[in-house]
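These notes are about the structure you will find just below.
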Amino acid sequence: MSWLNRIFGSKQATIQYPPVNDFSIIGTDIHSHLIPGIDDGVATIEDSLELLRELQDLGYKKIITTPHIMSDYFRNTPEIIMNGLATVTSAARQQGINIELEAAAEYYLDEALVQMINRNEKLLTIAEKYLLFEISYVNPPDNIQNVVFDLNIQGYVPVLAHPERYPFWYGKPEIYRKLKDLGVLFQLNTNSLVGYYGPAARHCAELLIDEDMIDFIGSDMHGVRHLEALKKVPNEKYYWKLAARGVKNSLL
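Numbering (the numbering used here), first residue to last: 5 to 256.
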């Protein structure tokens, strides 16, 4: 009987337990900030290469890095992001880092995003359809239903980044269910499972896993400060509970 079956019962999917500190069962990380100097992620190409080495050693096979696009702070464009990706990819290959690299974006739900959608601009996506977006940590958006509807009409699949980190929704499971009913997918931050963002975010993360609402998991890696927490995650029961149920990362 596998390690997962001993914990969760024989009805769960059978998965071979990989080595501790291994993310090979996830395969692809879909949320990070590894292009230097364009947002609040890594500052230098050396930082990028250090983190890519670490992520490769942790078992990841592919990284889809997602710089912020936020009109008030990070006015990135697809051209800026893809040029940055080319720079990082070239430097990684020169250093013998063979992890597969792609880029999308983490869009902030602001008026600029609404205007992009209204103009039917081509948005940066994961696997040509998943659009990663975040919202304010202070106030819930009053237009999220309309934005999600418009994204769906244009053929995008909206993916809400780190839903466990929005305190105004704590204790309101009906909000999460409504978003799921609208067609929003959820991306959990990996480090939430070890309490990196506080006990409330960790509790919410566990509840969302219990309710089988998590579709993707991502490191949200900004710098080396996230590494030590990330290395602890494969020792957490809820990481393996999520892995047993399955996430879409492995399909990318």
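For each residue, glycine too, the CB sits at the ideal point set by N, CA and C.
Start-to-end residues for the beta strand (DSSP E) that takes in residue i
{"i": "T69", "result": "66-69"}
{"i": "E125", "result": "Here E125 belongs to no beta strand (DSSP E), and DSSP marks it neither H nor E."}
{"i": "G88", "result": "Counting along the chain, G88 falls outside any beta strand (DSSP E), though it belongs to the alpha helix (DSSP H) covering 82-98."}
{"i": "Y112", "result": "110-112"}
{"i": "L105", "result": "104-107"}
Own chain partners of residue i with C-beta closer than 6 angstroms, once the 5 adjacent residues on each side are dropped
{"i": "W173", "result": "I179"}
{"i": "D219", "result": "L189, F190, K252"}
{"i": "P144", "result": "F172"}
Of the listed residues the options, nearest to residue i (C-alpha basis)
{"i": "R169", "options": "S94, Y242, D154, T194", "result": "T194"}
{"i": "I334", "options": "E50, G45, G222, H207", "result": "With the chain represented from 5 up to 256, any question about residue 334 goes unanswered, as that position is not in the structure."}
{"i": "S223", "options": "Y200, K245, C208", "result": "Y200"}
{"i": "V152", "options": "P40, P82, L136", "result": "L136"}
{"i": "V198", "options": "K133, L231, D185", "result": "L231"}
{"i": "L127", "options": "K66, Q158, N150", "result": "Q158"}
Residue environment, residue i, which counts as buried when at least 16 other CB atoms sit within 10 Å
{"i": "K241", "result": "exposed"}
{"i": "P203", "result": "exposed"}
{"i": "V228", "result": "exposed"}
{"i": "D44", "result": "exposed"}
{"i": "S14", "result": "The pLDDT assigned to S14 is 38, lower than 50, so where the model puts this residue is not dependable; a value taken from the coordinates is nonetheless given after this. Exposed, because fewer than 16 other Cβ atoms sit within 10 Å of the Cβ of S14."}
{"i": "T70", "result": "buried"}
{"i": "Y111", "result": "buried"}
{"i": "R4", "result": "Look at the range of the chain in this structure, 5 to 256, and you will see that residue 4 is not part of it."}
Close beta carbons around residue i, own chain, < 8 angstroms, minus the five adjacent residues each side
{"i": "S254", "result": "I29, I30, G31, T32"}
{"i": "D216", "result": "R249"}
Any non-hydrogen atom of the ligand GTP closer than 6 angstroms to residue i Cβ
{"i": "H207", "result": "Annotation note on the ligand GTP: not contained in the displayed structure, which lists no ligands."}
Cβ-based neighbour list, residue i, same chain, cut-off 7 angstroms, excluding 5 preceding and 5 following
{"i": "L53", "result": "A95, A96, Q99, I101"}
Endpoints, alpha helix (DSSP H) assigned at residue i
{"i": "I49", "result": "49-61"}
Sequence ranges, alpha helix (DSSP H) only - wholly within the segment 129-172, length at least 4: 148-157
Runs of alpha helix (DSSP H) lying entirely within the segment 178-240, each at least 4 residues, in chain order: 203-214, 231-236
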